[in-house]
Amino acid sequence: MSIMSNNNTTNDFKSIEEVTKQSISILYGLNPCPKLDFQYTKKEYLGDITLILFPLSKKLKEPVEKIGKHIGNYVHNQLMGLISFSIIGGFLNFIFEDNYYLHLLKKMLSNNYLYDLKFKFSSKNIMVEYSSPNANKPLHLGHIRNSLIGSSISEILKMVGHKIIKIQIINDRGIHICKSMIAWKEFGKGETPDSIGMKGDHFVGKYYCLFDKVYREEIRNNSKDQQNKNQVSILQKSRNLLKKWESGDQKTIVLWKKMNKWVYKGFKETYEKLGITFDKVEYESNVYEVGKNILKEGLKKRIFFQKKDGSIWIDLIKEGFDQKLLLRSDQTSVYITQDIGTAVERFRKYKIDKLIYIVGKEQDYHFQVLFRILSRLGYVWANKLSHLSYGMVDLPSGKMKSREGNIIDADSLILEMYSIAKKNLLKDFSKEEQEEYSKIIGIGAIKYHFLKVDPKKRILFYPEKSIDFKGNTGPYIQYTYSRIRSLERKFFDLCSLTHEYWDNAKFDTYERNMIKILQKYPFILKKSAEKLNPSLIANYIYEVSQIFNHLYQNKKIINPLDIIQSNIRMNIVHITGNILKSGMRLLGIKMLDRM
RNA sequence: GAUCACGUAGCUCAAAUGGAUAGAGCAACUGCCUUCUAAGCAGUAGGUCACAGGUUCGAAUCCUGUCGUGAUCACCA
1055 MSIMSNNNTT
1065 NDFKSIEEVT
1075 KQSISILYGL
1085 NPCPKLDFQY
1095 TKKEYLGDIT
1105 LILFPLSKKL
1115 KEPVEKIGKH
1125 IGNYVHNQLM
1135 GLISFSIIGG
1145 FLNFIFEDNY
1155 YLHLLKKMLS
1165 NNYLYDLKFK
1175 FSSKNIMVEY
1185 SSPNANKPLH
1195 LGHIRNSLIG
1205 SSISEILKMV
1215 GHKIIKIQII
1225 NDRGIHICKS
1235 MIAWKEFGKG
1245 ETPDSIGMKG
1255 DHFVGKYYCL
1265 FDKVYREEIR
1275 NNSKDQQNKN
1285 QVSILQKSRN
1295 LLKKWESGDQ
1305 KTIVLWKKMN
1315 KWVYKGFKET
1325 YEKLGITFDK
1335 VEYESNVYEV
1345 GKNILKEGLK
1355 KRIFFQKKDG
1365 SIWIDLIKEG
1375 FDQKLLLRSD
1385 QTSVYITQDI
1395 GTAVERFRKY
1405 KIDKLIYIVG
1415 KEQDYHFQVL
1425 FRILSRLGYV
1435 WANKLSHLSY
1445 GMVDLPSGKM
1455 KSREGNIIDA
1465 DSLILEMYSI
1475 AKKNLLKDFS
1485 KEEQEEYSKI
1495 IGIGAIKYHF
1505 LKVDPKKRIL
1515 FYPEKSIDFK
1525 GNTGPYIQYT
1535 YSRIRSLERK
1545 FFDLCSLTHE
1555 YWDNAKFDTY
1565 ERNMIKILQK
1575 YPFILKKSAE
1585 KLNPSLIANY
1595 IYEVSQIFNH
1605 LYQNKKIINP
1615 LDIIQSNIRM
1625 NIVHITGNIL
1635 KSGMRLLGIK
1645 MLDRM
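Per this note's numbering, the very first residue in the first sequence carries number 1055; after that it's consecutive.
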């Protein structure tokens, strides 16, 4: 298995990028080498990878043309027979020769290439918080996006070597929980999710909406009829219930537990369909008091101040914020009180180097304030906190509001996607296969749809037409993968993969494009881990699929008359399949061997 | 009103750290299933990168201003 170049074997093969870097220090004595500006050569020009010379020209005080020739010649000599180059203006274009492609291909075929990626990341313990729903209504589109982003980022960070703790905190206490409780108490007549055959979270959500309906009716009536004022309003009743809850009233606690249990059962089902998991689950009811003690200490240290009515505040005016309430005058905690507590608890309990909150953009201000408070309190780990702020999912009719029914809940969306997928499925699958495949395809379509968009960007969701099954979609990629598996089944019936007889291998444009895109994968992984952005992987995987389909549709891949060429192609196809599967796994999307 | 995001094709999204003539998909229109899976491929059409200045060899990308959209500014979460 010898290779046609002088001093390059597969193991110490150096890429153009590496040799170029080396050339800078050898030719110009520049050490360390400045960041080089590489880009993939534009279609209009001859070449595969381009070094942009303008920045170097500035640094080295030499004209671009001269530098280009200098570096180009050096790289050309080092990689004799592997590359050629040309200079156009300030652009040094390197052209890969067949042997260079062969090297790239062999590198990718080396053992455990995908699992052996060595990045410059030092392994860290990272906690990722995501999803964090309220225990009084079903999960909706916003939660879907949140969970998918969190889940995917966790996988990506794992892939580059970090240790991840996935955590969610469930907001299971507070006035909003009592609202659904009181509505059920007043109007439920003892019905349960089982008795009317409704999913638990939807069941409780129904009563949360009912509360709102009753409450609004009361307001309308009261404004018309002042005499009703002495009647206890439903809001007052829910407040009373909250007080009872806080004082540990047995009946209330029992009811609360019962209703929460219904909700959790519902959540579990939805999370399972979406394939979302957590390593830890926190409940607000367990930790909401913790923050209070911290506040008291901060008060002693004069980090906070107390108003006459007993409420506790922090003054962040100098840092460009406001005064912020931390504890109500009746000494009950607000949202941020609890967040202070949970952060402290987490760092006390776990050894973590970084805590990433994946929470919507609407809470940017909240987290800025939270981080500053913790830093004021003197916690050295305050700089290890970060907020990954993702854009809202809005409907054409505006912001989703569950109380107003302007909402798309996760379960009905999932069901709808199942049925669309099923309609398009080949009929020669068994009933069971059709069930299984349509689920994988439907979920794949949902996940890809949300993850292909940069998390920072807002998503406008059109219920009827948003999620596609054609073009830049999950199913397109799944379909491409099925084609690959199908090719492999056929090929392996005939013969097996070999790397022999490859000297002087020739590659056509389609194969070259394939090899070029495939070898970008580590770079994409690294970048998406740094930027905490799964969409980079999604878009990359799509591009891989596209280029593969060009090859597939235009060239016969398995040709019994040309075993060597078939073998080369099948090796490329094999890597393609692995990368598609690997990338989609990072997005949480399953692949199918046939569809 | 203040602060922070965002404005790229009719629609949904791309565009390494500022790099060459801004790319895909959907929708529309033309072709391609006797050939490895047509959820595919080949092609046509579609753009004042919101607008106006500035920075420099070079701007969708950085700065300033204007307009537009959204979010936040609660003893809500």
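Yeah, the Cβ is synthetic: ideal placement off N, Cα and C, and Gly gets one too.
Taking buried to mean at least 16 other C-beta atoms within 10 Å of its own C-beta, is residue i buried or exposed?
{"i": "K1453", "result": "exposed"}
{"i": "H1553", "result": "exposed"}
{"i": "F1359", "result": "exposed"}
{"i": "I1250", "result": "exposed"}
{"i": "Y1535", "result": "buried"}
{"i": "K1699", "result": "Beyond the ends of the chain as shown, which are 1055 and 1649, falls residue 1699; an answer cannot be given."}
{"i": "P1529", "result": "buried"}
{"i": "T1527", "result": "buried"}
{"i": "I1595", "result": "buried"}
{"i": "K1089", "result": "exposed"}
{"i": "E1072", "result": "exposed"}
{"i": "K1378", "result": "buried"}
{"i": "I1080", "result": "exposed"}
{"i": "C1263", "result": "buried"}
Out of curiosity, what's the CA-to-CA distance linking residue i and residue j?
{"i": "L1641", "j": "P1576", "result": "16 Å"}
{"i": "T1630", "j": "Q1600", "result": "11 Å"}
{"i": "Q1222", "j": "V1182", "result": "8 Å"}
{"i": "Y1411", "j": "S1620", "result": "49 Å"}
{"i": "G1395", "j": "L1328", "result": "30 Å"}
{"i": "D1465", "j": "G1320", "result": "10 Å"}
{"i": "E1490", "j": "L1202", "result": "21 Å"}
{"i": "Y1155", "j": "N1632", "result": "19 Å"}
{"i": "I1224", "j": "P1187", "result": "5 Å"}
{"i": "G1345", "j": "D1393", "result": "7 Å"}
{"i": "T1563", "j": "G1259", "result": "57 Å"}
{"i": "K1112", "j": "Y1128", "result": "20 Å"}
{"i": "K1519", "j": "I1288", "result": "40 Å"}
{"i": "M1645", "j": "K1239", "result": "46 Å"}
{"i": "K1212", "j": "L1295", "result": "44 Å"}
{"i": "H1130", "j": "L1136", "result": "8 Å"}
{"i": "E1245", "j": "E1458", "result": "23 Å"}
{"i": "D1508", "j": "K1408", "result": "22 Å"}
{"i": "I1617", "j": "S1069", "result": "29 Å"}
{"i": "N1613", "j": "M1568", "result": "19 Å"}
{"i": "S1440", "j": "N1147", "result": "40 Å"}
{"i": "K1574", "j": "R1648", "result": "27 Å"}
{"i": "G1637", "j": "E1116", "result": "43 Å"}
How about residue i and residue j: do their beta carbons lie closer than 7 Å?
{"i": "L1590", "j": "I1571", "result": "no"}
{"i": "I1149", "j": "D1102", "result": "yes"}
{"i": "K1510", "j": "G1445", "result": "yes"}
{"i": "S1387", "j": "D1363", "result": "no"}
{"i": "L1505", "j": "A1592", "result": "yes"}
{"i": "G1015", "j": "S1177", "result": "Not covered by the structure: residue 1015. The range shown for the chain is 1055 to 1649."}
{"i": "F1515", "j": "V1447", "result": "yes"}
{"i": "S1205", "j": "I1406", "result": "no"}
{"i": "I1357", "j": "R1430", "result": "yes"}
{"i": "V1118", "j": "L1100", "result": "no"}
{"i": "G1126", "j": "F1139", "result": "yes"}
In this structure, what does DSSP give as the bridge partners for residue i?
{"i": "W1367", "result": "F1359, L1379"}
{"i": "V1335", "result": "Q1222"}
{"i": "E1183", "result": "I1221, Y1411"}
{"i": "S1440", "result": "I1410"}
{"i": "V1447", "result": "I1513"}
{"i": "Y1094", "result": "I1103"}
{"i": "I1137", "result": "F1150"}
{"i": "D1463", "result": "H1194"}
{"i": "I1591", "result": "Its beta-bridge partners do not exist; DSSP assigns none."}
{"i": "K1455", "result": "N1460"}
{"i": "I1500", "result": "In the DSSP output, where bridge partners are listed per residue, I1500 has none listed."}
{"i": "N1188", "result": "N1225"}
Pull up the CB-CB distance for residue i and residue j, whole angstroms please, since I reckon it's below 8 Å.
{"i": "T1306", "j": "W1316", "result": "Their Cβ separation, rounded to whole angstroms, is 16 Å, which puts T1306 and W1316 out of contact at 8 Å."}
{"i": "I1231", "j": "N1190", "result": "5 Å"}
{"i": "G1498", "j": "I1474", "result": "Actually they are not in contact, since the Cβ atoms of G1498 and I1474 sit about 12 Å apart, beyond 8 Å."}
{"i": "L1353", "j": "S1365", "result": "Actually they are not in contact, since the Cβ atoms of L1353 and S1365 sit about 11 Å apart, beyond 8 Å."}
{"i": "L1193", "j": "T1324", "result": "5 Å"}
{"i": "I1229", "j": "F1265", "result": "With 8 Å as the limit, I1229 and F1265 do not qualify as a contact, their Cβ atoms being about 11 Å apart."}
{"i": "H1370", "j": "R1426", "result": "For clarity, residue 1370 is Leu in the given sequence; the question names His instead. Right, their Cβ atoms sit about 6 Å apart."}
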